[in-house]
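In this note's numbering, the protein residues as written are 1468 to 1680.
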Ligand code: ATP
Ligand code: MG
């Protein structure tokens, strides 16, 4: 039975925390593969302009090259309009069969927002597990689980928290660093850093929006 981990994200750009989280979850849960799904037009990031999909995808491709268990799905990139996870999961089940086990990895920041996502119950129904990973700066206390369950009944039944090395790396900070000419070395794979330089990504955050339109 194929048991697949899904790592959704804007990957603007992909960084080492994404890769470490994906590999740790894959190994702890014994998943056969980890599929990265770069977001097309992320609904929760509407209004914020991301780097063009072709650049985000190219960086994910470079970052995944060395891991045979990592693959990429273009499913959200090839679909016009906003991509909702509930639709993506339905399409993946159509593609891979209804019996396939899907585990979606979600960072603690996104988990907080999860009950507000489009059709969260539909998402949970299609998942075998929702894998939460902690992220520096986001606390969970004893009442956290009860609060989450109150917001979205059925969540705890599917929720599985996997401990991962804590790395305070974010794409937002990386974009800021590039714009301010501060280093991103060791926070992203070398090939990704090189790609950002060569294509002059994130140099001028505001001008970038105009240039990419
Ligand atoms: P941005 O700052 O643009 O939101 P990001 O660093 O949060 O970028 P995303 O592409 O938004 O990266 O994240 C994809 C997934 O990876 C999300 O589930 C997010 O919570 C998780 N993630 C990102 N960075 C980390 C990290 N440092 N530790 C654990 N999980 C992370
Ligand atoms: Mg994020």
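Cβ coordinates follow ideal geometry from the N, Cα and C atoms, glycine included.
Item                                                                                                                                      : Value
Helix, strand or coil, according to DSSP, for residue 1474 in the structure here?                                                         : strand
Based on Cα-Cα distance, which residue from 1491, 1497, 1492, 1520 lies nearest to residue 1504?                                          : 1520
Could you give the distance in angstroms between the alpha-carbon of residue 1656 and the alpha-carbon of residue 1636?                   : 13 Å
Apart from the five residues on each side of it in sequence, which residues of its chain come closer than 7 Å, Cβ to Cβ, to residue 1576? : 1602, 1605
Tell me the residue span of the beta strand (DSSP E) that contains residue 1542.                                                          : It is not in any beta strand (DSSP E) - residue 1542 carries neither H nor E in the DSSP assignment.
Identify the residues that DSSP records as bridge partners of residue 1596: which are they?                                               : 1570
Kindly indicate which three-state DSSP category residue 1468 falls into: helix, strand or coil?                                           : coil
Measuring CA to CA, which of 1482, 1626, 1614 is closest to residue 1590?                                                                 : 1626
Start and end of the beta strand (DSSP E) containing residue 1502?                                                                        : 1500-1505
Which partner residues of residue 1626 appear in the DSSP bridge assignment?                                                              : 1597
Among the candidates 1585, 1477, 1499, 1622, whose CA atom is the shortest distance from the CA of residue 1527?                          : 1477
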